[in-house]
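Chains as they are written, first to last, in the numbering used here: chain A, 5 to 119; chain B, 1435 to 1545.
For every residue, glycine included, the Cβ atom is placed at its ideal position computed from N, Cα and C.
Since the model is a prediction, treat every value here as computed from it, not as a measurement.
Working notes, beginning with the structure itself.
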Amino acid sequence: EPEVTQTPSHQVTQMGQEVILRCVPISNHLYFYWYRQILGQKVEFLVSFYNNEISEKSEIFDDQFSVERPDGSNFTLKIRSTKLEDSAMYFCASNQMGFTNEKLFFGSGTQLSVL
Amino acid sequence: DQQVKQNSPSLSVQEGRISILNCDYTNSMFDYFLWYKKYPAEGPTFLISISSIKDKNEDGRFTVFLNKSAKHLSLHIVPSQPGDSAVYFCAASKTGNQFYFGTGTSLTVIP
């Protein structure tokens, strides 16, 4: 069964450094998402992306965050200057029909630790 | 804004018995609800969903019940198996908008 893949599985960085989290969505999917889960808290929506532009973002997704689809397969989340509170598990997800009654397919996540 | 709440962080059930996981929501505009299951070191995987026009949806051992007046949904697993041990997230959305997730309930099925 096709799956969403994320790399790396773990990322450790120093506060203030830039990080790029990478995702390869399922190939025939058109909508891409980033979610995150801070330890012990809910899974939170960050951003959705369709047709090479952001379609929706949450208040968490401030100017320090950006997303890009640099080629036909990768979907990246960049955090420009990491803060301690950015430490979380970041999940990429994709689906074909966006925010309709269709499930999301999630990757296995990147655990980001900001020191 | 905790629009979706799972008030039980953990649940232990004997193998073969019923597991009942609960979820409450605050936004009456939500019209689609899902349950996801998550194993350690994996991403959430879709389990079962229900739209607001129904009050029950069944898929094998898994049944989701929706009580719109109480803004409550539950997931029943019968019979529970050790492989069901995982974290279960409920999620809700209004069509065309983002999904809101709960904090998860960790289910342990004891052999």
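Item, Value
"First through last residue of the beta strand (DSSP E) which encompasses T17 (chain A)", "14-17"
"Span of the beta strand (DSSP E), counted from its first residue to its last, around S117 (chain A)", "114-118"
"Neighbourhood of L81 (chain A) by C-beta distance below 6 Å, restricted to the same chain and skipping five residues each side", "L25, W38, V71"
"Backbone CA spacing between T1537 (chain B) and F1480 (chain B) [nearest angstrom]", "16 Å"
"Spatial distance of P29 (chain A) from L1445 (chain B) (CA atoms)", "33 Å"
"Short CB-CB distance (under 8 Å) between T1539 (chain B) and chain A", "no"
"Proximal residues to K1502 (chain B) (C-beta, below 7 Å), its chain only, five neighbours per side dropped", "S1486"
"Closer than 8 Å to chain A by CB, Y1466 (chain B)", "yes"
"Minimum C-alpha distance to E48 (chain A) - residue among A:A92, A:S117, A:M101, A:F109", "A:A92"
"Meets three-Cβ-pair contact criterion under 8 Å: the stretch 1486-1499 of chain B and the stretch 1436-1450 of chain B", "no"
"Inter-stretch contact (C-beta, 8 Å, three-pair minimum) for the stretch 106-118 of chain A and the stretch 49-66 of chain A", "no"
"Where E89 (chain A) sits in the DSSP three-state scheme", "helix"
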